[in-house]
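J.: Mind looking over this structure? Questions follow.
Number of protein chains: 2
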Amino acid sequence: MAGKNRGIIDLSSSLTDIWRVLSDVEREKLRDNARILHFKKNDLIYTEGETPKDLMCLFKGKVKIYKRGVGSRNHIIRIICPVHYFGYRAYFAREPYVSSASAFEPCTVCLLPMELIEQFLRKNGNLALFFIQMLSVDLGVADHRVVSLTQKHVRGRLAETLLLLKESYGVEEDGATINIYLAREDLANFSNMTTSNAIRTLSNFVNERMIAIDGRKIKIIDEERLIKVSRIG
Amino acid sequence: MAGKNRGIIDLSSSLTDIWRVLSDVEREKLRDNARILHFKKNDLIYTEGETPKDLMCLFKGKVKIYKRGVGSRNHIIRIICPVHYFGYRAYFAREPYVSSASAFEPCTVCLLPMELIEQFLRKNGNLALFFIQMLSVDLGVADHRVVSLTQKHVRGRLAETLLLLKESYGVEEDGATINIYLAREDLANFSNMTTSNAIRTLSNFVNERMIAIDGRKIKIIDEERLIKVSRIG
DNA sequence: ATATAACTATGTTTAAAAACACAAATATAA
DNA sequence: TTATATTTGTGTTTTTAAACATAGTTATAT
Numbered sequence: 093m094a095g096k097n098r099g100i101i102d103l104s105s106s107l108t109d110i111w112r113v114l115s116d117v118e119r120e121k122l123r124d125n126a127r128i129l130h131f132k133k134n135d136l137i138y139t140e141g142e143t144p145k146d147l148m149c150l151f152k153g154k155v156k157i158y159k160r161g162v163g164s165r166n167h168i169i170r171i172i173c174p175v176h177y178f179g180y181r182a183y184f185a186r187e188p189y190v191s192s193a194s195a196f197e198p199c200t201v202c203l204l205p206m207e208l209i210e211q212f213l214r215k216n217g218n219l220a221l222f223f224i225q226m227l228s229v230d231l232g233v234a235d236h237r238v239v240s241l242t243q244k245h246v247r248g249r250l251a252e253t254l255l256l257l258k259e260s261y262g263v264e265e266d267g268a269t270i271n272i273y274l275a276r277e278d279l280a281n282f283s284n285m286t287t288s289n290a291i292r293t294l295s296n297f298v299n300e301r302m303i304a305i306d307g308r309k310i311k312i313i314d315e316e317r318l319i320k321v322s323r324i325g
Numbered sequence: 093m094a095g096k097n098r099g100i101i102d103l104s105s106s107l108t109d110i111w112r113v114l115s116d117v118e119r120e121k122l123r124d125n126a127r128i129l130h131f132k133k134n135d136l137i138y139t140e141g142e143t144p145k146d147l148m149c150l151f152k153g154k155v156k157i158y159k160r161g162v163g164s165r166n167h168i169i170r171i172i173c174p175v176h177y178f179g180y181r182a183y184f185a186r187e188p189y190v191s192s193a194s195a196f197e198p199c200t201v202c203l204l205p206m207e208l209i210e211q212f213l214r215k216n217g218n219l220a221l222f223f224i225q226m227l228s229v230d231l232g233v234a235d236h237r238v239v240s241l242t243q244k245h246v247r248g249r250l251a252e253t254l255l256l257l258k259e260s261y262g263v264e265e266d267g268a269t270i271n272i273y274l275a276r277e278d279l280a281n282f283s284n285m286t287t288s289n290a291i292r293t294l295s296n297f298v299n300e301r302m303i304a305i306d307g308r309k310i311k312i313i314d315e316e317r318l319i320k321v322s323r324i325g
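Structural data, given as structure tokens:
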């Protein structure tokens, strides 16, 4: 499931967001308690029902956070890319995990004990604000997604997802190809539709010259129109 | 839009959650800066695009938080009842409001300047944890709702909403009538369906003897079955 | 290298929910 | 009170997307 490692990675440069608000003592303590894990493609990082123990920071790779829904139909809540934190919400809510996380690609994850983090942020207002801000942004995104995913039609939902992926992962050197390669099924689970509909709608977008596809590579050709399709729903 | 008032209400007994984690100095300062506002039924408390300035605590009445969606179709994100806090997420995310709040019933709201709250929680770990925990719980709820509202069918969605309302607002002396009276339209906007479908499905539930309705009063008769309907979607 | 599994693609059918239309009941305001 | 607006209720039609079916393609593993 995962390999182990320590000390090779420079935490101060990888955990920048947290590192810069910590005192020297806190940094020392954190360094002593940090673990680095490696996950292979499709490895499960945590799953629904487990007890959250660590704050996770993704150093390398891509991670999907998803929930099992009706009839074991999965819904992807969000996708994490480096360097971002995940896995802490359930701990703070004093709940078991209600979602699962798995590696899209080979991943390097840094685990920091939540007990330690909580202990720090009780004394460290900047660290507290850091989490408050992350949670606040994520809650805003979640509220937005509910409306998009429930009210927009298939075309609007898929268009929004493509734009969101472009925004989150950026584009390759050509300035147009989205920097993440998802299976059609993942695209569907992220956009609240069946795989067939994702495939079909993607084909339509190609025919309408809004995008071009080459396997799992998606190139956005006419962003204006895609934005319009996303907006009108 | 709203009346003003001060000092008549005992903040210490109304703001309990926050009050108990504050120092005497903080309490004093907060008391000096707290404002009490009264809202009439259907009054707007804040709206999308405005700049968040205050933490709001609902002392009396009921408030709905909602977003304008596709084709000005509203989606109710959550409903607030006393004594709960709202209006702080956008401030922490450094965004304008992306939702609106309005009074379902005549409301009494206590406004506390967010600047002051932020200043406090930077020093006060317990206060910070209080917000972190609220945000974490709300984010969990939001993630759950996305899946329910997108994957469950109309019957399952409405059943879930009824159960949720019962859980949040409790029941009247008869032990079965839900303690909040919503228009069918609000019920629909909270359950992601059209008003017609809310009305129709409600009628079906009545015919199936799961609930009884008397105007806007909803009495849950067979909770077991309602739970089952909610679960199977 | 070949077999097997997983993914992509597309056409057809079926089911769900929205849209529409209208009537009745209730609430609100002049 | 009466007039007007809003809300509730129900039937019908249309649209949307899911479900199903099947084939071609690409990965993966042995």
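Those sequence lines, one after another, are chains L and H. Under this note's numbering, residues 93 to 325 are what the first sequence spells out, in order. Under this note's numbering, residues 93 to 325 are what the second sequence spells out, in order. Ideal placement from N, C-alpha and C gives every residue a C-beta, glycine not left out. Please read all numbers here as calculations on a predicted model, not as lab measurements.
#1: Would you identify the three-state DSSP class for residue 139 (chain H), choosing helix, strand or coil?
#2: Any idea if residue 163 (chain H) is buried or exposed, counting beta-carbon neighbours within 10 angstroms, 16 or more meaning buried?
#3: For a contact meaning CB atoms closer than 7 Å, what does residue 227 (chain L) contact in chain H?
#4: Can you check whether the CB of residue 255 (chain H) is closer than 9 Å to the CB of residue 81 (chain H)?
#5: With 9 Å set as the bound, which would you pick, yes or no: does the beta-carbon of residue 289 (chain H) sit closer than that to a beta-carbon of chain L?
#6: Does the CB of residue 159 (chain H) have a neighbour CB from chain L at under 9 Å?
#7: Do the region 242 to 261 of chain L and the region 122 to 134 of chain L touch if we need at least three Cβ pairs shorter than 8 Å?
#8: Under DSSP, the alpha helix (DSSP H) around residue 324 (chain H) begins and ends at which residues?
#9: Under 8 Å between beta-carbons, which chain L residues line up against residue 164 (chain H)? List them in chain order, please.
#10: Does any CB atom of chain H fall closer than 9 Å to the CB of residue 308 (chain L)?
#11: So residue 306 (chain H) is in the beta strand (DSSP E); what residue range does that whole segment cover?
#12: Whether or not the region 263 to 282 of chain H and the region 159 to 179 of chain H are in contact is what I'm after, with contact meaning three or more pairs of Cβ atoms, one per stretch, closer than 8 Å; do they touch?
#13: Give a yes or no on whether the minimum CB-CB distance between residue 208 (chain H) and chain L is below 9 Å.
#14: Would you check if there are 3 or more beta carbon pairs closer than 8 Å linking the region 185 to 205 of chain H to the region 100 to 108 of chain H?
#15: Alpha carbon to alpha carbon, how far is residue 133 (chain H) from residue 191 (chain H)?
#16: In three-state terms, what does DSSP make of residue 145 (chain H)?
#17: Taking 9 Å as the threshold (C-beta atoms), are residue 231 (chain H) and residue 193 (chain L) in contact?
#18: Near residue 95 (chain H), what residues of its chain come up, given a Cβ to Cβ distance below 8 Å and the 5 sequence neighbours on each side ignored?
#19: Pick from H:144, H:155, H:261 and H:213: whose alpha carbon is nearest that of residue 111 (chain H)?
#20: Going by CA-CA distance only, name the one from L:229, L:271 and L:303 that's closest to residue 189 (chain H).
#21: Taking the alpha carbon of residue 258 (chain H) as the point to measure from, which residue in H:197, H:223 and H:313 has its own alpha carbon closest?
#22: Which residue from L:239, L:264 and L:218 puts its Cα closest to that of residue 33 (chain L)?
#23: Would you tell me roughly how many angstroms separate the C-alpha atoms of residue 322 (chain H) and residue 107 (chain L), rounded to the nearest one?
#24: For residue 268 (chain L), I'd like the list of residues in its chain whose CB is within less than 8 Å of its CB, leaving aside the five on either flank, ordered along the chain.
#25: Report the CB separation of residue 118 (chain H) from residue 271 (chain H) in whole angstroms; it is logged as a contact under 8 Å.
#26: For residue 244 (chain L), go through chain H and note every residue whose CB falls closer than 7 Å to its CB, in chain order.
#27: So, with DSSP's three-state summary, where would you put residue 183 (chain H)?
#28: Chain H partners of residue 282 (chain L), CB-CB under 9 Å?
#29: Could you spell out the range, first to last residue, of the alpha helix (DSSP H) harbouring residue 246 (chain H)?
#30: Output needed for residue 324 (chain H): all residues of its chain with C-beta closer than 8 Å, excluding positions within five of it in sequence on either side, in chain order.
#31: Could you check whether the Cβ of residue 218 (chain L) sits closer than 9 Å to any Cβ belonging to chain H?
T.: Taking the definition as stated:
#1: Residue 139 (chain H): coil per DSSP, three-state reduction.
#2: In this structure residue 163 (chain H) is exposed. Its beta-carbon is surrounded by fewer than 16 other beta-carbon atoms within 10 angstroms.
#3: Listed along chain H, the residues sitting closer than 7 Å to residue 227 (chain L) by beta-carbon distance are 224, 227, 228 and 231.
#4: The displayed coordinates of chain H run from 93 to 325. Any statement about residue 81 (chain H) would go beyond what the structure contains.
#5: So no, residue 289 (chain H) is outside the interface.
#6: By this cut-off, residue 159 (chain H) is an interface position.
#7: Touching, no.
#8: Residue 324 (chain H) -> alpha helix (DSSP H) spans 315 to 324.
#9: Under a criterion of Cβ atoms nearer than 8 Å, no residue of chain L is adjacent to residue 164 (chain H); the nearest Cβ is some 11 Å distant.
#10: No, no contact with chain H.
#11: Membership of residue 306 (chain H) in the beta strand (DSSP E) is indicated by the continuous run 303 to 306.
#12: Pairwise C-beta distances place the region 159 to 179 of chain H in contact with the region 263 to 282 of chain H, as three or more of them are shorter than 8 Å.
#13: Not one chain L Cβ lies under 9 Å of residue 208 (chain H).
#14: Enough Cβ pairs lie closer than 8 Å, so yes.
#15: Rounded to the nearest whole angstrom, the CA to CA distance from residue 133 (chain H) to residue 191 (chain H) is 18 Å.
#16: Coil.
#17: In this structure, residue 231 (chain H) does not lie closer than 9 Å to residue 193 (chain L) by Cβ.
#18: For residue 95 (chain H), the pLDDT reaches just 41, beneath the cut-off of 50, and the residue's location in the model is therefore unreliable, although a value from the coordinates is still provided. Taken in chain order, the residues that qualify are 129 and 130.
#19: The option with the nearest alpha carbon to residue 111 (chain H) is H:213.
#20: Residue L:229 is the option with its Cα nearest to residue 189 (chain H).
#21: Checked all of H:197, H:223 and H:313; the closest Cα to residue 258 (chain H) is H:313.
#22: The displayed coordinates of chain L run from 93 to 325. Any statement about residue 33 (chain L) would go beyond what the structure contains.
#23: Cα to Cα, residue 322 (chain H) sits roughly 42 Å from residue 107 (chain L).
#24: Excluding five sequence positions before and after residue 268 (chain L), the CB atoms of its chain that fall closer than 8 Å to its own CB belong to 311, 312 and 313, given in chain order.
#25: In fact, because the Cβ distance is near 34 Å, the residues do not count as touching under 8 Å.
#26: The answer, in chain order, is 162.
#27: If DSSP states are grouped into helix, strand and coil, residue 183 (chain H) belongs with the helices.
#28: Residues of chain H passing the Cβ test: none, with the nearest at roughly 11 Å.
#29: For residue 246 (chain H), the enclosing alpha helix (DSSP H) covers residues 246 to 261.
#30: Cβ contact annotation for residue 324 (chain H) (same chain, cutoff 8 Å, sequence separation greater than five): 248, in chain order.
#31: At least one chain H Cβ lies under 9 Å of residue 218 (chain L).
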